[in-house]
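Peer 1: Numbering (our numbering), first residue to last: 9 to 167. Note that beta-carbon positions come from the ideal geometry of N, C-alpha and C, so glycine has one too. Note that the structure is predicted; figures quoted are calculated from it, not measured.
#1: Is the separation between the beta-carbon of residue 55 and that of residue 24 shorter than 9 Å?
#2: Assess, as a yes-or-no matter, whether the region 146 to 157 is touched by the region 98 to 117 under the definition of 3 or more beta carbon pairs within less than 8 Å.
#3: Quick one: Cα of residue 137 to Cα of residue 33, how far?
#4: Write down the C-beta distance between residue 39 and residue 18 rounded to the nearest angstrom, noting that I regard them as a contact closer than 8 Å.
#5: From residue 93 to residue 160, what does the alpha carbon distance come to, in whole angstroms?
#6: With residue 78 and residue 129 assumed to form a contact (beta carbons below 8 Å), what rounded beta-carbon distance in angstroms separates them?
#7: Identify the residues that DSSP records as bridge partners of residue 115: which are they?
#8: Go through its chain and collect everything with a Cβ distance to residue 44's Cβ below 8 Å, but skip five positions before and after it.
#9: Look at the alpha carbon of residue 89 and the alpha carbon of residue 121, and state the distance between them as a whole number of angstroms.
#10: As a quick exercise: from 127, 141, 162 and 145, pick the residue whose alpha carbon is nearest that of residue 76.
#11: For the region 68 to 99, list the beta strand (DSSP E) runs that are entirely contained and at least 3 residues long, ordered along the chain.
#12: How close, in whole Å, do the beta carbons of residue 74 and residue 85 come, if the pair is a contact with beta carbons under 8 Å?
#13: For the alpha helix (DSSP H) that contains residue 142, what are its first and last residues?
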């Protein structure tokens, strides 16, 4: 197993992510806000960032980036659990997972749908942070409306 990052290593990674997110915010008008906190309220909380972006299909897409001792975990909430056509909905998620690189759909709290992934700390660079945010944003924008049509068919009115 790899050694844990030293406090200096963590500080370096935090600086890389801070700079990458600042640049991403400056370069992309869709970014509504970038905030930073910790993953929990204890003094050992992992550094965590929240990137809120304006979407077209989904109004707001928030990506959480959490820096752990070995990986940078990232995720975004896609939608609540489907109300109908559950088997077809889950089949779509699994089929989409088969062709995805760097992220996957998963079921989280209250059976809500998330898009998640992780990157080893050694690979954390500005271009990777940009790729992560772009991948999650583009994927949610691509799948949001089709998944709504399946999982909430009786309530969806197409635009």
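Peer 2: Reading from the atomic positions:
#1: Locating residue 55 in the chain shown gives position 47, counting from the first residue. Locating residue 24 in the chain shown gives position 16, counting from the first residue. The answer is no: Cβ separation not under 9 Å.
#2: The region 98 to 117, when compared against the region 146 to 157, does touch it at the 8 Å Cβ threshold.
#3: The residue you call residue 137 lines up with position 129 of the chain shown. The residue you call residue 33 lines up with position 25 of the chain shown. Approximately 12 Å between the Cα atoms of the pair.
#4: Taking the first residue of the chain shown as 1, we reach residue 39 at position 31. Taking the first residue of the chain shown as 1, we reach residue 18 at position 10. At roughly 25 Å, the Cβ-Cβ gap does not stay under 8 Å, so residue 39 and residue 18 are not in contact.
#5: For the purposes of this step, residue 93 is taken as residue 85 along the chain shown, with counting starting at 1. For the purposes of this step, residue 160 is taken as residue 152 along the chain shown, with counting starting at 1. Looking at the two C-alpha atoms, the distance is approximately 8 Å.
#6: Counted from its first residue, the chain shown places residue 78 at position 70. Counted from its first residue, the chain shown places residue 129 at position 121. Rounded, the Cβ-Cβ distance is 6 Å, consistent with contact.
#7: As a working note, residue 115 is residue 107 in the chain shown. Bridge partners of residue 115: 121.
#8: Looking up residue 44 in the chain shown gives position 36. Here the set comprises 26, 55, 56, 57 and 58.
#9: On the chain shown, residue 89 is found 81 positions in, with the first residue counted as 1. On the chain shown, residue 121 is found 113 positions in, with the first residue counted as 1. Cα-Cα distance, rounded: 6 Å.
#10: As a first step, residue 76 must be located in the chain shown, where it is residue number 68. Comparing Cα positions, the closest option is 127.
#11: 68 to 75 and 79 to 87
#12: Residue numbering aside, residue 74 sits at position 66 when the chain shown is read from its first letter. Residue numbering aside, residue 85 sits at position 77 when the chain shown is read from its first letter. About 14 Å; that fails the 8 Å criterion.
#13: Position 134 of the chain shown, counted from the start, is the residue given in the question as residue 142. Counting along the chain, residue 142 sits inside the alpha helix (DSSP H) bounded by residues 134 to 159.
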